[in-house]
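For the sequence shown, the residue numbers in this note's numbering are 324 to 840. Structure, as structure tokens:
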Amino acid sequence: MTVSASFRVLRQLLSTSTPVGPISYRLLSSFTMNPHLNLGYCCLNTVLREDDVFCSRTMRLATFNEKGLEYAQELALQNLQDMLPIIEWNEKHGIKLFRVSSDMFPLASHPDCAYPLDFAQPLLSQIGDLARKYGHRLTMHPSQHHVLTNKTEKTFQMTALGLDHHAEILDRMGMDSSAVMVIHGGGVYGNKPEALKTFEENFMRLKESTRNRLVLENDEMAYTIEDLLPTSQKLKIPIVIDYHHDLICPSSKPAEAYHDEVFAVWDERGIKPKVHVSQSPVDVDMSSKTARRKHGDYIDVLPDSLLSLNRDIDVMFEAKMKEQAVLRYRGIMSGEIQTDRTTFEVPMTLTVEEMKEEKKLLKKTKSPSKAKSLCEECEGEVIETVKVERKVIVKAKAAPKKAPAKKEPKKATVASAKKTPQIATPKKKAPRGMWVDMSALEEHKRIKKLIREAVKEPTLPKGRTTSSAGQPQSAADLPQICVASGSARKRGRPAAAAKRPAPKTAPAKQATSKKGK
324 MTVSASFRVL RQLLSTSTPV GPISYRLLSS FTMNPHLNLG YCCLNTVLRE
374 DDVFCSRTMR LATFNEKGLE YAQELALQNL QDMLPIIEWN EKHGIKLFRV
424 SSDMFPLASH PDCAYPLDFA QPLLSQIGDL ARKYGHRLTM HPSQHHVLTN
474 KTEKTFQMTA LGLDHHAEIL DRMGMDSSAV MVIHGGGVYG NKPEALKTFE
524 ENFMRLKEST RNRLVLENDE MAYTIEDLLP TSQKLKIPIV IDYHHDLICP
574 SSKPAEAYHD EVFAVWDERG IKPKVHVSQS PVDVDMSSKT ARRKHGDYID
624 VLPDSLLSLN RDIDVMFEAK MKEQAVLRYR GIMSGEIQTD RTTFEVPMTL
674 TVEEMKEEKK LLKKTKSPSK AKSLCEECEG EVIETVKVER KVIVKAKAAP
724 KKAPAKKEPK KATVASAKKT PQIATPKKKA PRGMWVDMSA LEEHKRIKKL
774 IREAVKEPTL PKGRTTSSAG QPQSAADLPQ ICVASGSARK RGRPAAAAKR
824 PAPKTAPAKQ ATSKKGK
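Here it is in structure tokens:
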């Protein structure tokens, strides 16, 4: 059976509502891998999502201001209600590890919208009871914006508000200490040891209920397992080893070299260890750190060090295809599904210059225009879309054009005017939400003034003008000049002077020389 055919059969089996048994589902009956590994997935069930069953309905701040708290609570109750069929589905398919979405309560951790969770207590209790009944482990992963290494008080208060919110959800479900919250180390801020010291100080400022659920994860950009281990051992904060991150941002030793020390902290806390696994997309550039950060659809191979563990451990699959990635891996292990991938990814090795190029590329790929930034592991869905007005940034290099009263011919160039140094003026806010470069505007006005002065003709007595040779000319010659001008032709009619006969002039007196007298 080919991979595509096996996967079609797998989709058909998953779409059935009847419980799956050892006869109807061969992948479970012939499932052969390390029995100590308990596999799970994150936030969303792709099969149930087709029936609008998901737990990440959220909204924007503008929608909250428009529709109010009642609408936010309505979305939250729908999210909680859908948690029940997801747990039931997981139980039928032998999956006992699930990451709860951080978006179950829309904007509940926003400083301007925070609201109590008392209204949802009945459903939260039902979720906790059902999970404990089946022996399922529920965890959470607050977004990357929750940072404890930052010294700014405002950042800490925002982080504490979000972490307290996550801890309250798990507490209201009645979950035990195995329901952990995973966060990254955060920023380095130019001094990693000092940043970790700040983390320790801010960690001790958190509520005890929040501290008891917090665990650390090595990330793919800054903090390795080796970096986090001293803090973990000092504060008794367990570390979630992310094998994919360790390949991109490796420690001085392989990940398995830290197993004993990392798992010892879990054991001391009396919690079952948890690790994360993922794989880069198949067609990704493996030499690019930025590209390798992406998660692929499936996971075909696990590290040998993980497969050979002789202890119970929970393995969270971070893959785009969610529960299907877990079931597909089971099919690979049972031989029902074939894969071209036979080895795990190799560690990333970059020079200092390559790291700088990666950082530049990462800055270019960031999208600050997004109204909401979501954690890469969680998938919030905006139910209400509200148009947000954006200010248009305009660099005015010229003033708005105004129709001049009279059109004057340009007889001088502005080459000399451009050499004049510009007058530096501060930027001012223009009407209609646009920013205008006032220095450029003033310079444009000044150049126009110089042009008008350059082409301005000298004042002459009434009835006199100048000829092309610069000599004074009588008003009698003006009609012919007007006929030659283009102002009359542009209007599609002959010049007015052409209709009038030439004025009669007195006969010129004959000049006589003195010699002829």
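Each residue gets a CB set at the ideal place from its N, CA and C atoms; glycine is no exception.
Touch test, the stretch 614-630 against the stretch 586-595, Cβ-Cβ under 8 Å, three pairs minimum: no
Neighbourhood of isoleucine 571 by C-beta, 7 Å cutoff - its chain only, sequence neighbours within 5 removed: Stepping through the sequence shown from its first residue, residue 571 is reached at position 248. These residues qualify, in order along the chain: Glu543, Lys612, Arg615, Arg616, Met671.
Same chain, Cβ closer than 8 Å to alanine 431, five either side skipped, listed in chain order: In the sequence shown, residue 431 corresponds to position 108, counting from 1. Same-chain partners within the cutoff: Ala395, Ala399, Ala437, Tyr438, Leu440, His488.
Meets three-Cβ-pair contact criterion under 8 Å: the stretch 603-610 and the stretch 384-395: no
Rounded straight-line distance, which links the Cα of alanine 777 to that of glutamine 794: What you label residue 794 is simply residue 471 of the sequence shown in a count that begins at 1. What you label residue 777 is simply residue 454 of the sequence shown in a count that begins at 1. Because the pLDDT of glutamine 794 is 48, which lies under 50, any placement of that residue in the model is unreliable, and the number read from its coordinates should be weighed accordingly. Cα to Cα, the separation comes out at about 20 Å.
Chain C within 8 Å of arginine 534, Cβ atoms only: Any reference to chain C falls outside this structure, which holds one protein chain only.
Same chain, Cβ closer than 6 Å to methionine 639, five either side skipped, listed in chain order: The sequence position of residue 639 within the sequence shown is 316, counting from 1. Answer for methionine 639: Gly363, His599, listed in chain order.
Simplified DSSP assignment, three categories, for leucine 673: Position 350 of the sequence shown holds residue 673. Bear in mind that the predicted position of leucine 673 carries a pLDDT of just 49, short of 50, making it unreliable; the figure below should be weighed with that in mind. Reduced to three states, the DSSP call for leucine 673 is coil.
Proximity below 8 Å, CB of leucine 493 to CB of arginine 534: Locating residue 493 in the sequence shown gives position 170, counting from the first residue. Locating residue 534 in the sequence shown gives position 211, counting from the first residue. No, they are not a contact pair.
Coil, strand or helix - methionine 656 by DSSP: Here the question's residue 656 lines up with position 333 in the sequence shown. Here methionine 656 sits in helix by DSSP.
Threonine 554 (DSSP reduced to helix, strand or coil): Here residue 554 refers to the residue found at position 231 when the sequence shown is read from its first residue. Here threonine 554 sits in helix by DSSP.
Cβ contact (3+ pairs, closer than 8 Å) linking the stretch 468-478 and the stretch 561-569: no
Every unbroken beta strand (DSSP E) within the stretch 446-479, with a cutoff of 3 residues, ordered by chain: 460-462
N-terminal and C-terminal residue of the alpha helix (DSSP H) that histidine 582 is part of: Working through the sequence shown from its first residue, we reach residue 582 at position 259. Run containing histidine 582: 582-592, per the alpha helix (DSSP H) assignment.
Beta-carbon gap between aspartate 635 and histidine 359 smaller than 8 Å: As a working note, residue 635 is residue 312 in the sequence shown. As a working note, residue 359 is residue 36 in the sequence shown. A contact, by the Cβ cut-off of 8 Å.
Secondary structure of glutamate 849, DSSP reduced to three states: Residue 849 falls outside the range modelled here, since the chain spans only 324 to 840, and no answer is possible.
Per DSSP, cross-strand counterpart(s) of histidine 599: Against the sequence shown, residue 599 aligns to sequence position 276. According to DSSP, histidine 599 bridges with Asp565, Met639.
Burial state of asparagine 514, where buried means 16 or more other Cβ atoms lie within 10 Å: As a first step, residue 514 must be located in the sequence shown, where it is residue number 191. Asparagine 514 should be labelled exposed.
Residue from Arg455, Glu524, Asp583 whose Cα sits closest to the Cα of threonine 554: Walking along the sequence shown from the start, residue 554 turns up at place 231. Looking at the Cα atoms, Glu524 is the closest of the given residues.
Bridge partner(s) assigned by DSSP for asparagine 368: Within the sequence shown, the letter at position 45 stands for residue 368. Answer by DSSP bridge pairing: none, since asparagine 368 is not bridged.
For phenylalanine 522, the first and last residue of its enclosing beta strand (DSSP E): The residue given as residue 522 occupies position 199 in the sequence shown. Per DSSP, phenylalanine 522 belongs to no beta strand (DSSP E); it is in the alpha helix (DSSP H), 515-528.
Simplified DSSP assignment, three categories, for histidine 359: Taking the sequence shown and counting its residues from 1, the one referred to as residue 359 is at position 36. Histidine 359 falls in the coil class under three-state DSSP.
Environment of glycine 509 [buried if 16+ CB atoms lie within 10 Å]: Your numbering for residue 509 matches position 186 in the sequence shown. So glycine 509 ends up on the buried side.
Candidates Gly417, Asp426, His416, Leu403, of which the one nearest methionine 382 by Cα: Residue numbering aside, residue 382 sits at position 59 when the sequence shown is read from its first letter. The shortest C-alpha separation from methionine 382 is found at Asp426.
Three-state secondary structure (DSSP) of arginine 534: Here residue 534 corresponds to residue number 211 of the sequence shown, with the count starting at 1. Arginine 534 falls in the helix class under three-state DSSP.
Complete runs of the beta strand (DSSP E) confined to the stretch 392-441 [at least 3 residues]: 420-422
Given leucine 461 as reference, the closest of Ile409, Lys557, Ala483, Leu630 once Cα atoms are compared: The residue you call residue 461 lines up with position 138 of the sequence shown. Among Ile409, Lys557, Ala483, Leu630, the Cα nearest to that of leucine 461 belongs to Ile409.
Continuous alpha helix (DSSP H) stretch holding lysine 612: start and end: Locating residue 612 in the sequence shown gives position 289, counting from the first residue. Residues 612-615.
Spatially closest choice to leucine 407 from Phe442, Glu397, Lys456, by CA coordinates: Within the sequence shown, the letter at position 84 stands for residue 407. Selected option, being the one with the closest Cα: Lys456.
Collapsed DSSP secondary structure at isoleucine 622 in the structure displayed: Walking along the sequence shown from the start, residue 622 turns up at place 299. Residue state, collapsed to three classes: coil.
Own chain, CB closer than 7 Å to valine 511, minus 5 neighbours either side, in chain order: Residue numbering aside, residue 511 sits at position 188 when the sequence shown is read from its first letter. Here the set comprises Ala518, Ala545.
8 Å Cβ cutoff met for valine 505 and valine 563: The residue labelled residue 505 in the question sits at position 182 within the sequence shown. The residue labelled residue 563 in the question sits at position 240 within the sequence shown. Yes, these two residues count as a Cβ contact at 8 Å.
Assigned secondary structure, glutamate 540 (DSSP; H/G/I helix, E/B strand, else coil): Locating residue 540 in the sequence shown gives position 217, where the first residue counts as 1. Of the three classes helix, strand and coil, the one that applies to glutamate 540 here is strand, per DSSP.
Cα-Cα separation, cysteine 378 to threonine 662: As a position in the sequence shown, residue 378 is number 55, starting the count at 1. As a position in the sequence shown, residue 662 is number 339, starting the count at 1. Between cysteine 378 and threonine 662, the C-alpha separation is close to 32 Å.
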